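Since the structure comes first, as structure tokens, the remarks are kept for the end.
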């Protein structure tokens, strides 16, 4: 049985250049999602959300491998981030004021029934706190600006500021959705300066 790696299948979405911003059309995709608020470094809600996401994502992988007989690499953790004042995210980096939706992409053949089965099996075995908040939902970003950031999460500020306050407006676009990050490295195993993170912002063409 061949194993699908969506990072390779969708290389233009998961491996942008770290040198320049690019504009891509992101298709509608399906995700496991959990919402929360607060500093991801210390908020227990964040730790609970990520634990539940991975537990269900891997359970779904094994369910899929059995029926309908399709195997795949579990996609990376992703997050939508926003705040009442986005300067607290792009400039001031006040993590306590951040809202977030953490998520993991799911193949189109994963159904609501498969999701409910996976949640039930994880609940029976582990009883994780955030399972009741987990949902399977389609999400469509559409036109987006993105770049690969290599380095610590805490060093994203300057490139985020440039994306949100320079590149987008200078190229005739306006922001049109929540800031999106895709985490391609495991901070428990990779040195901070070598971490790879896709930084993405949905945009729309400004009407003159």
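Numbering (the numbering used here), first residue to last: 190 to 397.
Glycine residues also receive a C-beta, built at the ideal position from the N, C-alpha and C atoms.
Every value quoted in this text rests on a predicted model; they were computed, and no experiment measured them.
Assuming residue i and residue j form a contact by the criterion Cβ under 8 Å, report the distance between their Cβ atoms to the nearest whole angstrom.
{"i": "residue 362", "j": "residue 392", "result": "4 Å"}
{"i": "residue 239", "j": "residue 266", "result": "7 Å"}
{"i": "residue 221", "j": "residue 325", "result": "6 Å"}
{"i": "residue 207", "j": "residue 336", "result": "7 Å"}
{"i": "residue 241", "j": "residue 319", "result": "4 Å"}
{"i": "residue 390", "j": "residue 341", "result": "At roughly 20 Å, the Cβ-Cβ gap does not stay under 8 Å, so residue 390 and residue 341 are not in contact."}
{"i": "residue 215", "j": "residue 330", "result": "4 Å"}
{"i": "residue 349", "j": "residue 223", "result": "That belief does not hold up - the Cβ atoms of residue 349 and residue 223 are roughly 23 Å apart, past 8 Å."}
Considering just the uninterrupted stretch of the alpha helix (DSSP H) at residue i, what are its terminal residues?
{"i": "residue 308", "result": "301-314"}
{"i": "residue 348", "result": "346-351"}
Would you mind sorting residue i into buried or exposed? The rule is 16 or more other CB atoms within 10 Å of its CB.
{"i": "residue 290", "result": "buried"}
{"i": "residue 377", "result": "exposed"}
{"i": "residue 386", "result": "buried"}
{"i": "residue 248", "result": "buried"}
{"i": "residue 339", "result": "exposed"}
{"i": "residue 358", "result": "exposed"}
{"i": "residue 301", "result": "exposed"}
{"i": "residue 294", "result": "buried"}
{"i": "residue 396", "result": "exposed"}
{"i": "residue 355", "result": "exposed"}
{"i": "residue 212", "result": "exposed"}
{"i": "residue 255", "result": "exposed"}
{"i": "residue 264", "result": "buried"}
{"i": "residue 244", "result": "buried"}
{"i": "residue 268", "result": "buried"}
{"i": "residue 366", "result": "buried"}
Is DSSP giving residue i helix, strand or coil here?
{"i": "residue 294", "result": "strand"}
{"i": "residue 196", "result": "helix"}
{"i": "residue 356", "result": "helix"}
{"i": "residue 206", "result": "coil"}
{"i": "residue 238", "result": "helix"}
For the beta strand (DSSP E) that contains residue i, what are its first and last residues?
{"i": "residue 391", "result": "385-394"}
{"i": "residue 326", "result": "324-328"}
{"i": "residue 220", "result": "218-226"}
{"i": "residue 379", "result": "Run containing residue 379: none; DSSP gives neither H nor E here."}
{"i": "residue 320", "result": "Segment: none, residue 320 is in no beta strand (DSSP E) and carries neither H nor E."}
{"i": "residue 342", "result": "Neither: residue 342 is in no beta strand (DSSP E) and is coded neither H nor E."}
{"i": "residue 363", "result": "362-364"}
{"i": "residue 371", "result": "368-372"}
{"i": "residue 191", "result": "That residue, residue 191, is in no beta strand (DSSP E); it is neither H nor E in DSSP."}
3-residue-minimum beta strand (DSSP E) runs that sit fully inside the segment 242-290, ordered along the chain: 266-271
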